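Per the numbering used here, the sequence shown starts with residue 98, numbered consecutively. Just below is one structure, and these are the notes that go with it.
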Amino acid sequence: MYRRLEVRKDGFGFCYQGSWIAITVNDEAVIIAEEVSYEVAVGSQFSKIRLIIKGGKVFVESPLGSSELADPSQIIDNIKKVNEESIKDKNKELYEKIKKHLKY
98 MYRRLEVRKD GFGFCYQGSW IAITVNDEAV IIAEEVSYEV AVGSQFSKIR LIIKGGKVFV
158 ESPLGSSELA DPSQIIDNIK KVNEESIKDK NKELYEKIKK HLKY
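The structure is reproduced here in structure tokens:
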């Protein structure tokens, strides 16, 4: 799934097909978005199309609207796997927040 995983205070990220994918976790949700870079340094920017995980449900959010995914099981299962294998021992607070949002 990923080549290099980086655990941060507020989430984690990994490289996927040449793009950096950032998973940010806050009190409201888990947000999955591609980090977008520009030729002029403006800091971290994220794509406007995102996956939002709240209460065990996954939503696609875009400028055209928001919609719940009918079968998000693969996304949820992969985040659970990363949470258990890579985050649990490195950042307990982040681990617990992810568990809360994924409802497991």
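A virtual CB, placed ideally from N, CA and C, is assigned to each residue, including glycine. Computed from a predicted structure; not experimentally measured.
The DSSP-derived three-state label of Ser141 is coil.
In the structure shown, Glu190 falls within a helical segment according to DSSP collapsed to helix, strand and coil.
Closest by C-alpha distance to Leu161, out of Glu132, Val122, Lys145, is Lys145. Rounded to whole angstroms, the separation of the alpha carbons of Tyr135 and Pro169 is 31 Å.
A straight-line Cα-Cα distance of about 13 Å links Lys196 and Ser183. Within the same chain, Leu148, Ile149, Glu165, Leu166, Pro169, Ile172, Ile173 come within 8 Å of Val155 by CB-CB distance, once the 5 residues on both sides are set aside. Asn175 sits exposed, since fewer than 16 C-beta atoms from the chains shown fall within 10 Å of its C-beta.
Counting along the chain, the unbroken beta strand (DSSP E) around Ile129 starts and ends at 127-133. The DSSP-derived three-state label of Lys178 is helix.
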